[in-house]
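Taken in order, these protein sequences are the chains called R and A. The first sequence begins at 276 in this note's numbering and counts up one residue at a time. The second sequence begins at 464 in this note's numbering and counts up one residue at a time. Note that CB positions come from ideal geometry on N, CA and C, so glycine has one too. Here's the structure, in structure tokens; my notes come after.
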Amino acid sequence: MLSKNPSAVPADTSPEVWQMQMDAIGSMTVEQRIAVWEEIQNQFAIMEDASMRRRYPEFNDHQILVELVRARYGNELASKIVAKSDALPF
Amino acid sequence: MIDLIYAFRLVVLALEDVSARYLVVGSTAAGAWGVARSTRDVDIVAVISSDSVEAFLSALEGNDLYVPADEARLAAEFGGSFNILHTATGGKVDLFVCSPDDKFESIRLERRVQLNILGVLTWVATPEDVVLSKLRWRFESRSETQWRDCIEIAASQNLDIDYLRHWASYLGVLADVEDLIKT
């Protein structure tokens, strides 16, 4: 038997505030919602990058990118970035 | 930092180049319909046949993209998915190849809408189709994240309930849709 679905309102949010949030999102245009989504992706990438640089302060930009890809997608895809850079003439 | 724009733009341009029917799905599409959360990659469903896969692979060439050509050919022949990685920026697109004979895939390709995402004019799944595909995806896992995405879309958009019920019944997720409507 399938498990029951969780309640609509997250445990840390009051139903009134949650409804206000949903109404606010619903009143936005699709362009505004996409702009918010894009900003979230951008901020997430900035935080992820900063976190990796704190972890590996000695790494250059390329090494940081390899580690970011490894963290997000795993070793196999990270190895594609390494292989590509190895082929570069520097 | 990882940037999704280049991978997304290059894949969309290649799909347009070979006149493949496609639509953006998953969390990116959900973002257009009110789900404000981060995503790790962009999911795209496309109709790519064995006849068109070589042209598609050619259209992707020379753009700093890692494309597993054999996996793409297999997906074009038998269905399935493969990753496309932009090696200069780390952005990734997951491409799910669908059959034009699949009734749900056909209807959501028919209903897709054109939106500008990450600076690219692209085809995107409607909110009803995002909900239906997320419910189908989470049917076994009962993922809470996917459920919350569906709740937020349902609570903030005027969904076509008759359409949702019809296709939920077809996809075997009617109980979840009824649960969603009740909330």
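Kindly confirm or deny that the segment 588-602 of chain A and the segment 470-490 of chain A touch, where touching means at least three C-beta pairs closer than 8 Å. yes
To be precise: take each residue of the segment 552-583 of chain A, compare its Cβ to all Cβ atoms of chain R, and keep it if any distance is under 8 Å. Which residues remain? 552, 553, 555, 578, 579, 580 and 581
Do residue 620/A and residue 301/R come within 8 Å of each other at the CB atom, strictly closer than that value? As a working note, residue 301/R is residue 26 in the first sequence. As a working note, residue 620/A is residue 157 in the second sequence. For residue 301/R and residue 620/A, yes; Cβs fall inside 8 Å.
C-beta neighbour in chain A for residue 348/R, strict 8 Å: For this step, residue 348/R is matched to residue 73 along the first sequence. For residue 348/R, the answer is yes, since a Cβ of chain A falls inside 8 Å of its Cβ.
Below 9 Å between beta carbons is the criterion; list the residues of the segment 494-505 of chain A that meet it against any residue of chain R, in chain order. 494, 495, 496, 497, 498, 499, 500, 501, 502, 503 and 504
Is there a C-beta anywhere in chain A that falls below 8 Å from the one on residue 280/R? Start at 1 with the first residue of the first sequence, and residue 280/R comes out as number 5. Yes, contact with chain A.
Residue range of the beta strand (DSSP E) that includes residue 501/A: Numbered from 1 along the second sequence, position 38 holds the residue referred to as residue 501/A. Note, residue 501/A: premise wrong, no beta strand (DSSP E); not H, not E.
Taking the alpha carbon of residue 464/A as the reference point, which residue from 295/R, 342/R and 296/R has its own alpha carbon closest? As a first step, residue 464/A is located in the second sequence; it is residue number 1 there, counting from the start. For the residues 295/R, 342/R and 296/R, the minimum Cα distance to residue 464/A belongs to 342/R.
Let me know the secondary structure DSSP gives residue 352/R once reduced to three states. Taking the first residue of the first sequence as 1, we reach residue 352/R at position 77. Looking at residue 352/R - three-state DSSP - the assignment turns out to be helix.
Considering Cα atoms alone, identify which of 578/A, 543/A, 469/A and 523/A is closest to residue 561/A. Numbered from 1 along the second sequence, position 98 holds the residue referred to as residue 561/A. Nearest of 578/A, 543/A, 469/A and 523/A to residue 561/A, Cα basis: 543/A.
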